[in-house]
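Chemist:
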Amino acid sequence: GENVEQHPSTLSVQEGDSAVIKCTYSDSASNYFPWYKQELGKGPQLIIDIRSNVGEKKDQRIAVTLNKTAKHFSLHITETQPEDSAVYFCAASKPTDSWGKLQFGAGTQVVVTP
Amino acid sequence: NAGVTQTPKFQVLKTGQSMTLQCAQDMNHEYMSWYRQDPGMGLRLIHYSVGAGITDQGEVPNGYNVSRSTTEDFPLRLLSAAPSQTSVYFCASSGGERRAFFGQGTRLTVV
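The listed protein sequences derive, respectively, from chains A and B. Going left to right, the first sequence walks through residues 2 to 115 as the numbering used here numbers them. Going left to right, the second sequence walks through residues 118 to 228 as the numbering used here numbers them.
In structure tokens form, the structure reads like this:
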């Protein structure tokens, strides 16, 4: 089955700097890649997603890039703010999977220090 | 719009007890799923449903049971709780674009 690896497991950045989280997936059939943000004591919240027919997607300070050949995708957060501190999860899904059946990475704890 | 609602938020069980974790969504999504979250392991799929009356197993189904009698509700039953089932449980629902929306979670401790 699909295997998603996520790095790094922890990331500490200064406020205003950029943060990058990388994920690799094993199944070349995967074609949907969402990113979730989880704040302490809350459920994961979808922040951005990308499908395999595009290479990059941006939403304000957040962007995701996808390299299908290398089977990896990355989350980029620019101009980080303290409220960006959270655990971030990447995930992958195949078209043959039922809707929303996601394989998650292990998560990245992001700490933004003022 | 409440989205996905899970109850209870916290629960302590004794080994061998049974209980049901409730999940309800008001987005008219066909797809619902249950995940468990353990430290360092991300979220792992327990069971999922593609519509009322249809359920299937995910990655870690043992010890759990589900049913889907309505589009809105997808309860998760622990048949005989074990300490290995201590975890945080999340319910999610998805529409046709595969975007999954999660509830706030149930933190379960089995002693």
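Don't be surprised by glycine CBs; every beta carbon is placed ideally from N, CA and C.
1. Between which residues of its own chain and B/Thr226 is the CB-CB distance below 6 Å, once the five residues before and five after are set aside?
2. Could you check whether the Cβ of B/Ser184 sits closer than 8 Å to any Cβ belonging to chain A?
3. Here's the rule: buried if 16 or more other CB atoms are within 10 angstroms of the residue's CB, otherwise exposed. What is A/Gln9?
4. Which full runs of the beta strand (DSSP E) of 3+ residues lie inside the region 41-108 of chain A, going along the chain?
5. When DSSP labels each residue in this structure, what does A/Ser29 get in the three-state scheme?
6. Taking the straight line between their C-alpha atoms, what separation do you get for A/Lys72 and B/Gly133?
7. From the DSSP output, read off the bridge partner residues of B/Asn182.
8. Under 8 Å between C-beta atoms, does B/Phe191 make it to chain A?
9. For A/Pro35, which option in A/Ser53, A/Gly2, A/Lys43 has the closest C-alpha, if you only look at C-alpha atoms?
10. For the candidate residues A/Cys24, A/Gln104, A/Gly108, A/Val5, whose alpha-carbon lies nearest to that of B/Glu176?
11. Please tell me whether A/Ala107 has its Cβ less than 8 Å away from any Cβ of chain B.
Modeler: Taking the coordinates as given:
1. Stepping through the second sequence from its first residue, residue 226 of chain B is reached at position 109. Same-chain partners within the cutoff: Val129, Thr203.
2. The count along the second sequence starts at 1 and reaches residue 184 of chain B at position 67. False, the Cβ-Cβ gap to chain A never drops below 8 Å.
3. Sequence index remark: in the first sequence, residue 9 of chain A carries index 8 (1-based). In the sequence under discussion, the amino acid at residue 9 of chain A is Pro, which differs from the Gln named in the question. Exposed: under 16 other Cβ atoms inside 10 Å.
4. 46-52, 57-60, 63-68, 73-78, 87-93
5. Numbered from its first residue, the first sequence carries residue 29 of chain A at position 28. In the structure shown, A/Ser29 sits in coil (DSSP, three-state: anything other than H, G, I, E or B).
6. For the purposes of this step, residue 72 of chain A is taken as residue 71 along the first sequence, with counting starting at 1. For the purposes of this step, residue 133 of chain B is taken as residue 16 along the second sequence, with counting starting at 1. Roughly 43 Å separates the two Cα atoms.
7. By one-based count along the second sequence, residue 182 of chain B stands at place 65. Paired residue(s): B/Arg194.
8. Mapped onto the second sequence, residue 191 of chain B falls at position 74. Not closer than 8 Å to any Cβ of chain A, the Cβ of B/Phe191 fails to qualify, so no.
9. One-based indexing of the first sequence puts residue 35 of chain A at position 34. Minimum Cα distance to A/Pro35 is reached at A/Ser53.
10. One-based indexing of the second sequence puts residue 176 of chain B at position 59. Checked all of A/Cys24, A/Gln104, A/Gly108, A/Val5; the closest Cα to B/Glu176 is A/Gln104.
11. For the purposes of this step, residue 107 of chain A is taken as residue 106 along the first sequence, with counting starting at 1. A/Ala107 counts as touching chain B.
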